[in-house]
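K.L.:
Handing you a structure now.
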Amino acid sequence: MSSEAEIPKEDQYDLVIDAMGGDQAPDIVIKGLDFTALRHPNIKILLIGDATKIDPLLHQYPNVSAVCTVRHTSVSIPMDMKPTTALKIRDSSLRMAMESVAKKESKGVVSAGNSGAMLALAQIIVKTMPGIARPAMAAINPTAKGDAVMLDLGANVACDSRNLVDFAIMGHAFAKAVLGLPHPTIGLLNVGSEELKGDERLRVAADVLRNSPLSDQFYGFIEGHDITAGTTDVVVTDGFTGNIALKTGEGALKLVFHLLKQVYTSGVRGKLGYLMVRPGLERMKEWLDPRRYNGAVFVGLNGVVVKSHGGADEVGFACAVDVAMDMISHGFHEEILAGLSKVNAAKDTNQQS
1 MSSEAEIPKE DQYDLVIDAM GGDQAPDIVI KGLDFTALRH PNIKILLIGD
51 ATKIDPLLHQ YPNVSAVCTV RHTSVSIPMD MKPTTALKIR DSSLRMAMES
101 VAKKESKGVV SAGNSGAMLA LAQIIVKTMP GIARPAMAAI NPTAKGDAVM
151 LDLGANVACD SRNLVDFAIM GHAFAKAVLG LPHPTIGLLN VGSEELKGDE
201 RLRVAADVLR NSPLSDQFYG FIEGHDITAG TTDVVVTDGF TGNIALKTGE
251 GALKLVFHLL KQVYTSGVRG KLGYLMVRPG LERMKEWLDP RRYNGAVFVG
301 LNGVVVKSHG GADEVGFACA VDVAMDMISH GFHEEILAGL SKVNAAKDTN
351 QQS
């Protein structure tokens, strides 16, 4: 472990971690990184935050201390601070983490901090990739057939057809890098599966994708029930619709577990029934554990930017770090750039013909 002045300029870190982001930082962050140090023993992490709080924790977790370098700042961004205010704070742990990625000192950043501030700082400091109009928020969701990627989940309330095409390209790259799917399928979320359904922007985006190098992977329009059915590996929509769909799904899942609890605690028969189905319920609970799906990603930026849920525990935070490492190790950004180049070339050819 070393201080900022001792870090050689030529060194590059795999990840920079905002140690002060989240409801229980830095405790949960350090505990989560203990899992990371075991899963990725060769990882190099730049940990930014209050050294007076971090150092005592590192003494308790020597595996974390072995892979981390601490850069001190006593300033952090509160979870309820407005993004416009956060942008004015020059020495916050979150801003310093973004600057590390922008300078190519670190390949990616993970924070459980303020979502709005994180997106604002990422756009201004890390900046959007060439060819991408707007970054999007993507996350992994459980389905009946496995896991799927969904985007946008709230970064862009209103989108045009170009944004949706960009999201499809980025979602395709995400599914390849994080889910390990060689040819992930893509669906555009709509009010119906018929080609004439939806507004003009959806129909234009669908037409572009049908005539692009992603045509074989483009399934077409999908409906709300297709999200959990796993009809496609990538679900593309605008941030307004995506955020509502995500939170509706979370609410439905909570309702299911609430009803199951009522059924199996309602009397002797219910309790006996629970004993019989308990192994299956435990497997289902493990499969649907929200900690496994922690780690929303701001895709379309010049660096990997992963947002952990602010209330995540150490297991959830470690899963967010795993997502970041998957993206880095599988060439996520190179995949996006290649996809953009192919789709744009196809659009130019179609327009000329």
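Note that the numbering used here has the sequence shown beginning at 1, numbered continuously upward. Think of the CB as a built atom: it goes at the ideal place given N, C-alpha and C, for glycine as much as any other residue.
#1: Do residue 234 and residue 175 come within 7 Å of each other at the CB atom, strictly closer than that value?
#2: Could you compute how far the alpha carbon of residue 259 sits from the alpha carbon of residue 266?
#3: Do residue 302 and residue 126 count as a contact pair if the criterion is CB distance below 7 Å?
#4: For residue 190, does the three-state DSSP call read helix, strand or coil?
#5: Exposed or buried, which one is residue 71 when buried takes at least 16 other CB atoms within 10 Å?
#6: Can you say whether residue 277 is buried or exposed, counting buried as having 16 or more other CB atoms within 10 angstroms of its CB?
#7: From the DSSP secondary-structure annotation, give me the bridge partner or partners of residue 13.
#8: Of all the options 218, 18 and 342, which has the alpha carbon lying nearest to the alpha carbon of residue 45?
#9: Whole angstroms are fine: how far does the CA of residue 198 sit from the CA of residue 158?
#10: Using a 10 Å radius around the Cβ and a threshold of 16 neighbouring Cβ atoms, would you call residue 183 buried or exposed?
#11: Roughly how many angstroms separate the alpha carbons of residue 256 and residue 246, rounded to a whole number?
#12: Considering only the alpha carbon of each residue, which of 312, 232, 97 and 134 lies closest to residue 107?
#13: Provide the residue span of the alpha helix (DSSP H) that contains residue 142, from first to last.
#14: Which residue spans inside the segment 221-303 form an unbroken beta strand (DSSP E) run of at least 3?
#15: Determine the burial state of residue 59: buried for a count of at least 16 other Cβ atoms within 10 Å of its Cβ, exposed for fewer.
#16: In chain order, what residues of the same chain lie with their CB nearer than 7 Å to the CB of residue 326, ignoring the 5 residues before and after it?
#17: Who pairs with residue 92 in a beta bridge, going by DSSP?
#18: Does the segment 216-223 touch the segment 111-123, meaning 3 or more C-beta pairs lie closer than 8 Å?
P.N.:
Looking at the coordinates:
#1: Closer than 7 Å, so yes.
#2: If you take the alpha carbons of residue 259 and residue 266, they lie about 11 Å apart.
#3: For residue 126 and residue 302, yes; Cβs fall inside 7 Å.
#4: Here residue 190 sits in coil by DSSP.
#5: Taking all protein chains shown into account, residue 71 has 16 or more neighbouring C-beta atoms within 10 Å of its C-beta and is therefore buried.
#6: Counting Cβ neighbours within 10 Å, residue 277 comes out exposed, since fewer than 16 surround it.
#7: Paired residue(s): 106.
#8: Closest option to residue 45, Cα to Cα, is 18.
#9: Cα-Cα distance, rounded: 15 Å.
#10: Around the beta carbon of residue 183, fewer than 16 other beta carbons sit within 10 angstroms, so the residue counts as exposed.
#11: Rounded to the nearest angstrom, the two C-alpha atoms are 16 Å apart.
#12: Closest option to residue 107, judged by alpha-carbon separation, among 312, 232, 97 and 134: 97.
#13: Boundaries around residue 142 are those of the beta strand (DSSP E), 136-143, since no alpha helix (DSSP H) includes it.
#14: Taking only runs of at least 3 residues, the beta strand (DSSP E) segments lying wholly in the segment 221-303 are 234-236 and 296-299.
#15: Exposed, by the Cβ-count rule.
#16: Counting only Cβ-Cβ distances below 7 Å, and skipping sequence neighbours, we find 177 and 178.
#17: Residue 92 pairs with 75.
#18: Inter-segment contact for the segment 111-123 and the segment 216-223 is absent: fewer than three beta-carbon pairs are separated by less than 8 Å.
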